[in-house]
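A.B. asks:
Number of protein chains: 2
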Amino acid sequence: MSDAYRQLERTFARLGTIDEALAILHWDMSAKMPEGGSEARAEQLAVLKSTHHEMLTRPELGDLLDEAGQAPLDDWRRANLREMRREWAHARAVPADLVEALSRAISACETVWRTARRDSDFALVAPKLETVLGLVRQVASAKSAALGVSPYDALLDEYEPGGRSAEIDVLFARLEVFLPDFLGRVMEAQGPAPALPAGPFPAERQRALALRLMGVVGFDFRHGRLDESTHPFCGGTPDDVRMTTRWDEADFSTGLMGVLHETGHALYEQGLPKAWRRQPVGRARGMSLHESQSLLVEMQASRSLDFLTFATPLIAEAFGNGPWDAHALWRDSVRVAPGFIRVDADEVTYPAHVILRYRLEKALIEDRMRIADLPAAWNEGMRTLLGIVPPDDRRGCLQDIHWFDGAWGYFPTYTLGAMTAAQLFEAAGRALPDLGEQVARGAFGGLLGWLRTNVHEKASSLSAQDLLTQATGRPLDAAVFEAHLKRRYLG
Amino acid sequence: MSDAYRQLERTFARLGTIDEALAILHWDMSAKMPEGGSEARAEQLAVLKSTHHEMLTRPELGDLLDEAGQAPLDDWRRANLREMRREWAHARAVPADLVEALSRAISACETVWRTARRDSDFALVAPKLETVLGLVRQVASAKSAALGVSPYDALLDEYEPGGRSAEIDVLFARLEVFLPDFLGRVMEAQGPAPALPAGPFPAERQRALALRLMGVVGFDFRHGRLDESTHPFCGGTPDDVRMTTRWDEADFSTGLMGVLHETGHALYEQGLPKAWRRQPVGRARGMSLHESQSLLVEMQASRSLDFLTFATPLIAEAFGNGPWDAHALWRDSVRVAPGFIRVDADEVTYPAHVILRYRLEKALIEDRMRIADLPAAWNEGMRTLLGIVPPDDRRGCLQDIHWFDGAWGYFPTYTLGAMTAAQLFEAAGRALPDLGEQVARGAFGGLLGWLRTNVHEKASSLSAQDLLTQATGRPLDAAVFEAHLKRRYLG
Numbered sequence: 168m169s170d171a172y173r174q175l176e177r178t179f180a181r182l183g184t185i186d187e188a189l190a191i192l193h194w195d196m197s198a199k200m201p202e203g204g205s206e207a208r209a210e211q212l213a214v215l216k217s218t219h220h221e222m223l224t225r226p227e228l229g230d231l232l233d234e235a236g237q238a239p240l241d242d243w244r245r246a247n248l249r250e251m252r253r254e255w256a257h258a259r260a261v262p263a264d265l266v267e268a269l270s271r272a273i274s275a276c277e278t279v280w281r282t283a284r285r286d287s288d289f290a291l292v293a294p295k296l297e298t299v300l301g302l303v304r305q306v307a308s309a310k311s312a313a314l315g316v317s318p319y320d321a322l323l324d325e326y327e328p329g330g331r332s333a334e335i336d337v338l339f340a341r342l343e344v345f346l347p348d349f350l351g352r353v354m355e356a357q358g359p360a361p362a363l364p365a366g367p368f369p370a371e372r373q374r375a376l377a378l379r380l381m382g383v384v385g386f387d388f389r390h391g392r393l394d395e396s397t398h399p400f401c402g403g404t405p406d407d408v409r410m411t412t413r414w415d416e417a418d419f420s421t422g423l424m425g426v427l428h429e430t431g432h433a434l435y436e437q438g439l440p441k442a443w444r445r446q447p448v449g450r451a452r453g454m455s456l457h458e459s460q461s462l463l464v465e466m467q468a469s470r471s472l473d474f475l476t477f478a479t480p481l482i483a484e485a486f487g488n489g490p491w492d493a494h495a496l497w498r499d500s501v502r503v504a505p506g507f508i509r510v511d512a513d514e515v516t517y518p519a520h521v522i523l524r525y526r527l528e529k530a531l532i533e534d535r536m537r538i539a540d541l542p543a544a545w546n547e548g549m550r551t552l553l554g555i556v557p558p559d560d561r562r563g564c565l566q567d568i569h570w571f572d573g574a575w576g577y578f579p580t581y582t583l584g585a586m587t588a589a590q591l592f593e594a595a596g597r598a599l600p601d602l603g604e605q606v607a608r609g610a611f612g613g614l615l616g617w618l619r620t621n622v623h624e625k626a627s628s629l630s631a632q633d634l635l636t637q638a639t640g641r642p643l644d645a646a647v648f649e650a651h652l653k654r655r656y657l658g
Numbered sequence: 168m169s170d171a172y173r174q175l176e177r178t179f180a181r182l183g184t185i186d187e188a189l190a191i192l193h194w195d196m197s198a199k200m201p202e203g204g205s206e207a208r209a210e211q212l213a214v215l216k217s218t219h220h221e222m223l224t225r226p227e228l229g230d231l232l233d234e235a236g237q238a239p240l241d242d243w244r245r246a247n248l249r250e251m252r253r254e255w256a257h258a259r260a261v262p263a264d265l266v267e268a269l270s271r272a273i274s275a276c277e278t279v280w281r282t283a284r285r286d287s288d289f290a291l292v293a294p295k296l297e298t299v300l301g302l303v304r305q306v307a308s309a310k311s312a313a314l315g316v317s318p319y320d321a322l323l324d325e326y327e328p329g330g331r332s333a334e335i336d337v338l339f340a341r342l343e344v345f346l347p348d349f350l351g352r353v354m355e356a357q358g359p360a361p362a363l364p365a366g367p368f369p370a371e372r373q374r375a376l377a378l379r380l381m382g383v384v385g386f387d388f389r390h391g392r393l394d395e396s397t398h399p400f401c402g403g404t405p406d407d408v409r410m411t412t413r414w415d416e417a418d419f420s421t422g423l424m425g426v427l428h429e430t431g432h433a434l435y436e437q438g439l440p441k442a443w444r445r446q447p448v449g450r451a452r453g454m455s456l457h458e459s460q461s462l463l464v465e466m467q468a469s470r471s472l473d474f475l476t477f478a479t480p481l482i483a484e485a486f487g488n489g490p491w492d493a494h495a496l497w498r499d500s501v502r503v504a505p506g507f508i509r510v511d512a513d514e515v516t517y518p519a520h521v522i523l524r525y526r527l528e529k530a531l532i533e534d535r536m537r538i539a540d541l542p543a544a545w546n547e548g549m550r551t552l553l554g555i556v557p558p559d560d561r562r563g564c565l566q567d568i569h570w571f572d573g574a575w576g577y578f579p580t581y582t583l584g585a586m587t588a589a590q591l592f593e594a595a596g597r598a599l600p601d602l603g604e605q606v607a608r609g610a611f612g613g614l615l616g617w618l619r620t621n622v623h624e625k626a627s628s629l630s631a632q633d634l635l636t637q638a639t640g641r642p643l644d645a646a647v648f649e650a651h652l653k654r655r656y657l658g
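What follows is the structure in structure tokens.
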């Protein structure tokens with residue numbers, strides 16, 4: 168191991184530490200900050216980000232990366248060097264003034280978007296979105312040249328390292344054939360909604376139940392906490408995970424399933440290898456694997472008759488006011504119905520929301536579509552994919568923050584994550600033949616151990632595809648996801 | 168205004184922004200962070216601090232400071248330049264490796280101190296404290312040379328810009344003559360403790376009452392919040408003040424008075440001039456003025472029959488279980504008794520605790536005393552000043568974190584703050600002849616307005632002495648504090 172490599176580790180440790188500080192400040196902004204702190208917080212985030220960018224784009228870093236590559240390195244250090252180079256290439260590709268212009272455009276656009284969404288007024292935000300898209304396309308084109316991939320793939324690569332739209336196209340095309348007919352059959356087969364005890368469900372009791380189940384699944388409270396925020400997320404750092412959720416006193420299951428979802432993200436972060444903390448190779452391997460961990464805990468493990476058999480007595484204890492029936496809770500947790508809003512969508516219709524956004528953002532980045540045509544194209548896509556048309560843009564193309572916030576190339580990772588979750592859970596079930604019985608006893612140690620070994624502890628030492636192939640015996644395969652859906656909804 | 172000055176404002180804005188990020192991370196560490204996050208948090212703080220130090224000690228800053236001083240500047244910019252130079256001089260005086268060595272020594276010492284205090288075992292921590300003191304003395308000597316003041320004053324200057332021990336000696340000597348005899352007379356005169364309704368006082372009700380009274384005094388909840396922590400403090404930033412407290416269900420008055428104390432700090436921060444945010448001249452003017460603001464709200468305004476006349480119905484409403492009597496609550500709030508612990512001390516005995524620490528830390532910095540002799544010297548000082556001797560070092564020289572945490576030269580600001588508070592409150596009373604009646608109605612607008620104009624909005628544009636002279640007509644005068652004590656306790 169060369170001096171150059173050692174020097175790089177020191178620099179990237181500093182960079183990773185600044186990222187950690189940013190993560191805590193972001194969490195605070197969503198979960199604790201009073202309204203009047205937002206301007207100062209924006210300054211704090213901007214200064215830390217630009218300090219990070221300056222440090223990462225120093226010219227001497229390129230020489231060190233070349234030099235370090237010439238000496239022999241073990242597997243993890245070689246992978247670390249590869250990830251360093253990846254981060255450096257992304258940062259170097261974009262000139263500082265473009266980074267700054269985009270950052271300002273996003274702030275301006277996001278603010279207007281909040282009003283536009285509330286008033287369902289796409290025209291209000293269209294000019295700002297146009298500006299953001301123009302700058303994002305400049306970024307995509309600069310990164311495309313630097314990374315040697317298409318502009319869209321260059322954006323995708325930020326969230327999904329090594330991800331390629333050519334592969335996504337194949338996977339999504341298959342789902343698009345499978346899902347419409349499947350959805351019709353599920354809707355026919357599922358029968359009426361089960362009757363469940365009515366609320367209100369006091370927030371404090373929901374919270375106590377959620378904390379208890381987080382513990383059951385394996386969340387380490389020495390290294391994390393749960394708070395409330397408008398938009399639930401899992402943030403913070405591997406040693407200090409900050410989960411958030413929100414409580415609806417009329418419906419406890421949304422909050423509870425939300426917590427289990429974020430717990431999946433949290434377990435991934437808490438399971439990353441301590442020896443590589445704050446190094447690029449020590450990070451989670453991209454957004455589709457991250458989403459797979461949340462969906463594995465929520466969709467695969469928790470929305471199951473096994474888990475709800477375990478959880479029903481705890482739910483009854485928390486809320487009283489029964490009778491509580493595991494089978495009814497389970498049927499309720501897997502009910503399917505097409506709707507306008509992605510974040511409320513069930514497992515079967517969710518991919519349609521993602522495929523729509525993926526198609527549209529790709530067309531916009533590749534200049535095959537204009538911003539002005541977005542609302543009509545959105546509604547037409549909803550009609551084709553789900554057979555429903557949003558009555559207004561608030562429930563249509565204004566619903567998600569992503570594009571207005573500069574996150575282009577992110578959407579496909581949700582459905583890649585769902586497919587990955589199904590494939591990992593199937594492999595875990597092969598390794599642990601009594602997994603269902605374990606879950607029905609609230610014993611998550613076996614599953615968590617399998618995930619630790621096969622996913623969490625690998626961090627970014629492998630590509631997502633290689634990791635999945637090692638863990639499950641094959642690359643990502645839509646057939647596994649389809650088999651899961653058939654088993655659960657028509658089984 | 169020169170380009171050099173403009174460039175300095177940009178650099179110091181970045182530095183001030185990093186300070187803000189550090190303040191939020193510090194608050195989080197005390198109020199929210201799970202135990203297992205401490206190692207990573209230490210890294211985050213260290214990296215941000217060293218980034219700050221590197222930015223502040225860049226050689227070109229000295230040239231810019233010289234150049235900016237040659238062009239004409241208005242009063243506030245000239246003051247800003249003076250404060251920039253002050254921060255720069257403090258940072259430049261100490262070599263980076265000494266900063267780092269001290270930072271490590273403090274971390275090591277603080278950890279051992281926690282055990283040593285718990286076990287009342289001074290010998291355990293003495294070697295670590297010796298190391299800290301050795302490095303602090305190196306810092307003092309380096310800063311002494313750079314600033315042209317004595318080593319002790321060079322340390323004091325960090326907390327109390329322009330503060331000098333020659334002046335403190337005079338003020339404290341006078342108090343030391345006045346207090347022992349005065350204390351005896353107060354103890355004789357005050358009679359038996361008043362009978363008050365017994366608890367428990369549920370934490371949630373204490374919190375609701377505290378929030379209500381914070382609002383009465385003028386705390387702006389758009390720019391701040393209240394949380395719980397083991398050691399109450401007021402942190403965060405002017406736009407986002409983070410106050411903490413703790414609740415004792417057996418005794419509500421400690422928590423309530425603690426909240427009013429921290430609210431005084433918070434009002435100062437929230438009242439700093441927005442136009443100079445994140446610039447050196449826009450900061451609070453040193454620790455004695457800061458402490459004066461907390462003691463003005465707590466000791467001067469709130470521990471008064473006027474305030475408790477207003478607050479008693481609210482206390483009764485919060486806790487029920489009366490009868491609640493304003494006069495009894497007031498007598499309870501100003502009870503005097505010598506004790507071992509500084510943070511529990513009343514207004515009359517508090518200065519003795521401070522004078523003791525000031526004497527000892529000065530002797531240690533000036534190498535007139537050895538660490539090994541500290542416990543005996545402490546106990547002897549307590550005997551002389553307060554007539555009591557701590558039964559163990561836990562209640563003696565191990566009680567405060569300051570020295571073990573590297574804060575030398577801080578202690579005198581507590582009593583300078585108490586004297587300043589008395590002098591400011593007297594001047595406010597002259598400007599607002601019905602101040603007592605206002606407070607008795609819960610109307611704090613007049614007092615807050617006077618403080619905004621005469622203290623908060625001045626920020627660091629003046630020295631503490633000049634600010635006080637402009638606000639009250641004279642420099643800091645122990646006679647005003649003595650007159651206040653006589654009026655309250657023997658009046």
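These protein sequence lines are chains A and B, in that order.
Here the working numbering = 1-based position in the first sequence + 167.
Here the working numbering = 1-based position in the second sequence + 167.
Positions of the beta carbon are idealized from the N, C-alpha and C atoms, including for glycine.
(1) Thinking C-beta only, is Leu629 (chain B) closer than 8 Å to Ala468 (chain B)?
(2) Going by alpha carbons, who is nearest to Pro399 (chain A) out of A:Asp407, A:Asp406 and A:Thr412?
(3) Starting from the C-beta of Ala209 (chain A), find all residues in its chain whose C-beta is less than 8 Å away, skip the five residues before and the five after it, and write them out in chain order.
(4) Compute the Euclidean distance between the alpha carbons of Thr587 (chain B) and Ala626 (chain B), then round it to the nearest angstrom.
(5) Name the two residues that bound the continuous alpha helix (DSSP H) containing Cys276 (chain A).
(6) Any beta-carbon of chain A closer than 8 Å to the one on Gln174 (chain B)?
(7) Should Asp195 (chain B) be labelled buried (16 or more other beta-carbon atoms within 10 Å of its own) or exposed?
(8) Could you tell me the distance, in whole angstroms, from the CA atom of Asp337 (chain A) to the CA atom of Tyr326 (chain A)?
(9) Is the segment 488-502 of chain B close to the segment 522-540 of chain B, with three or more CB pairs under 8 Å?
(10) So what's Ala392 (chain B) in DSSP terms, helix, strand or just coil?
(11) Which residues share a DSSP beta bridge with Val622 (chain A)?
(12) Check whether the segment 278-294 of chain A touches the segment 236-254 of chain A, taking contact to mean three or more Cβ pairs, one atom from each stretch, closer than 8 Å.
(13) Taking only the alpha-carbon atoms, compute the straight-line gap between Arg409 (chain A) and Trp243 (chain A) and give it to the nearest angstrom.
(14) Can you name, in chain order, every residue of its own chain whose Cβ lies under 7 Å from the Cβ of His193 (chain B), other than the five neighbours on each side?
(15) Pick from B:Leu602, B:Asp572, B:Gly596 and B:Glu206: whose alpha carbon is nearest that of Leu269 (chain B)?
(16) What is the residue span of the alpha helix (DSSP H) that Val426 (chain A) lies within?
(17) Report buried or exposed for Lys310 (chain B), applying the criterion of at least 16 other Cβ atoms within 10 angstroms of its Cβ.
(18) Pick helix, strand or coil for Met410 (chain A), following the three-state DSSP scheme.
(19) Does any residue of chain A bring its CB to less than 8 Å from the CB of Lys199 (chain B)?
(20) Does the segment 442-451 of chain A come within contact of the segment 565-579 of chain A, defined as at least 3 CB pairs closer than 8 Å?
(21) Among A:Lys529, A:Val622, A:Pro262 and A:Ile482, which residue has its Cα nearest to the Cα of Ala313 (chain A)?
(22) Does the distance from the CB of Ala607 (chain B) to the CB of Thr476 (chain B) come in under 8 Å?
(23) For chain B, check one thing: does any of its Cβ atoms lie closer than 8 Å to the Cβ of Glu436 (chain A)?
(24) Could you name the residues of the same chain whose beta carbon sits closer than 6 Å to that of Leu583 (chain B), not counting the 5 residues immediately before and after it, in chain order?
(25) Going by other Cβ atoms of all chains shown within 10 Å of its Cβ, with 16 needed for buried, is Arg365 (chain A) buried or exposed?
(26) Please report the distance separating the alpha-carbon of Arg259 (chain A) from that of Leu300 (chain A).
(27) Opposite Gly403 (chain A) in the DSSP bridges: which residues?
(28) Cβ of Thr636 (chain B) less than 8 Å from any chain A Cβ?
(29) Expressed to the nearest angstrom, what Euclidean distance is found between the alpha-carbon atoms of Ser332 (chain B) and Ala519 (chain B)?
(30) Which of helix, strand or coil does DSSP assign to Asp601 (chain B)?
(31) Going by beta carbon distance, what residues of the same chain come within less than 6 Å of Glu528 (chain B), once the five residues before and after it are set aside?
C.D. replies: According to the data block:
(1) Result no, Cβ atoms of Ala468 (chain B) and Leu629 (chain B) do not sit closer than 8 Å.
(2) Nearest C-alpha to Pro399 (chain A) among A:Asp407, A:Asp406 and A:Thr412: A:Thr412.
(3) Cβ contact annotation for Ala209 (chain A) (same chain, cutoff 8 Å, sequence separation greater than five): Ser274, in chain order.
(4) Cα to Cα, Thr587 (chain B) sits roughly 16 Å from Ala626 (chain B).
(5) Cys276 (chain A) -> alpha helix (DSSP H) spans Ala263 to Asp286.
(6) Gln174 (chain B) does not count as touching chain A.
(7) Buried, by the Cβ-count rule.
(8) Contrary to the premise, residue 337 (chain A) reads as Val rather than Asp in this sequence. Their Cα atoms are separated by approximately 19 Å.
(9) No, because fewer than three Cβ pairs between the segment 488-502 of chain B and the segment 522-540 of chain B fall closer than 8 Å, the two stretches do not touch.
(10) The residue asked about is misnamed: residue 392 (chain B) is Arg in this sequence, not Ala. Arg392 (chain B): strand per DSSP, three-state reduction.
(11) Under DSSP, no beta-bridge partner is assigned to Val622 (chain A).
(12) No contact exists between the segment 278-294 of chain A and the segment 236-254 of chain A.
(13) Between Arg409 (chain A) and Trp243 (chain A), the C-alpha separation is close to 28 Å.
(14) Gly402, listed in sequence order.
(15) Restricting attention to B:Leu602, B:Asp572, B:Gly596 and B:Glu206, the CA atom closest to the CA of Leu269 (chain B) is found in B:Asp572.
(16) It spans Phe419 to Gln437 - the alpha helix (DSSP H) in which Val426 (chain A) sits, taken as one unbroken run.
(17) By the neighbour-count rule (16 or more Cβ atoms within 10 Å), Lys310 (chain B) is buried.
(18) DSSP, reduced to helix, strand and coil, places Met410 (chain A) within a strand of the structure shown.
(19) For Lys199 (chain B), a Cβ of chain A is located within less than 8 Å of the residue's own Cβ.
(20) By the C-beta criterion, the segment 442-451 of chain A is judged not to be in contact with the segment 565-579 of chain A, since fewer than 3 inter-stretch pairs fall below 8 Å.
(21) Distance check between Ala313 (chain A) and each of A:Lys529, A:Val622, A:Pro262 and A:Ile482 places A:Pro262 closest, using alpha-carbon atoms only.
(22) A contact, by the Cβ cut-off of 8 Å.
(23) For Glu436 (chain A), the answer is no, since every Cβ of chain B falls outside 8 Å of its Cβ.
(24) If we look at Leu583 (chain B) and ignore the five residues flanking it on each side, its Cβ neighbours are Ser455.
(25) This sequence places Ala at residue 365 (chain A); Arg is not what is there. Answer is exposed; the Cβ neighbour count stays below 16.
(26) Looking at the two C-alpha atoms, the distance is approximately 20 Å.
(27) DSSP lists A:Val408 as partners of Gly403 (chain A).
(28) False, the Cβ-Cβ gap to chain A never drops below 8 Å.
(29) Near 17 Å, if we compare the C-alpha coordinates of Ala519 (chain B) and Ser332 (chain B).
(30) The answer is coil: DSSP assigns Asp601 (chain B) none of H, G, I, E or B.
(31) Cβ neighbours of Glu528 (chain B) beyond the five flanking positions: Trp575.
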